[in-house]
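Read in order, the letters of the sequence shown correspond to residues 15 to 146 in the working numbering.
Note that beta-carbon positions come from the ideal geometry of N, C-alpha and C, so glycine has one too.
Read the structure below first, then the notes.
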Amino acid sequence: MKNTLKLLSLLFVVLFTAASCSKDDDPADNLVFTGNYTGNVSYTDGNDASKSVEMGSGSVRVYKVGDNYAFDFKSDNGSIPSLTGIKMERGDNNTIFFSSESLGTITISESSLTIAYADLEKKQTWTASGER
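Right, here's the structure in full:
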C-alpha cells in the first residue's frame, strides 16, 4: 500500500509539473519574440507616394520598451519608418487593431511575424511577413 501511495504521489507531481509548463508563449509575457525576422516588407505613404516602398526583401527588428512593442523595418527597396507604440495585451500573440486611428493585425510567434497595419490618421500602411 505504501508503494502504491508513493507511486501515485510521484505520478501526481509529474502530471502537475507537466501541466504547468506552457508551450504557448505570449509577447506580453516575455521577450522571446524580440529579435530579427527576415522576409518581405512594404510601406505605403498616402501623403507622399515617393516615400512608399514596394513589397520586397527585408527584415523587421522587434523590440520591447516598457509595455509597448516597436518594429524597425529594413528594406532592400528603400527606407521604411518604424512602427512604434504598439501595445499587445497578455494573451495576445495575434492582435487586431480596429479604431478611428488604426486598422490591421499583427501576428507574432517565436518563429514568425506577420504585420498588416494601417495608421488611418497619418495615411500610412506597413506590411511584413517574415521568419527567424
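Asked, Found
"Status (buried if at least 16 other CB within 10 Å, exposed otherwise) for ILE129", "buried"
"Local conformation of LYS88 per DSSP, three classes", "strand"
"Boundaries of the beta strand (DSSP E) in which MET69 is found, first to last residue", "67-79"
"Outcome for ILE100 when other beta-carbon atoms lying within 10 angstroms are tallied against a minimum of 16", "buried"
"Helix, strand or coil at PRO41 [DSSP, three-state]", "No answer about PRO41 holds up, because its pLDDT of 49 lies below 50 and its placement is not dependable."
"Per DSSP, the bridge partner or partners of LYS101", "ASN82"
"Where the beta strand (DSSP E) through ALA63 begins and ends", "Element bounds for ALA63: n/a, residue is neither H nor E."
"Cα-Cα separation, TYR77 to PRO95", "15 Å"
"LYS65 versus SER143: straight-line alpha-carbon distance, rounded", "20 Å"
"Environment of PHE47 [buried if 16+ CB atoms lie within 10 Å]", "buried"
"ASP90 and ARG75 closer than 8 Å at C-beta", "no"
"Whole-angstrom distance between LEU127 and THR121, CA atom to CA atom", "6 Å"
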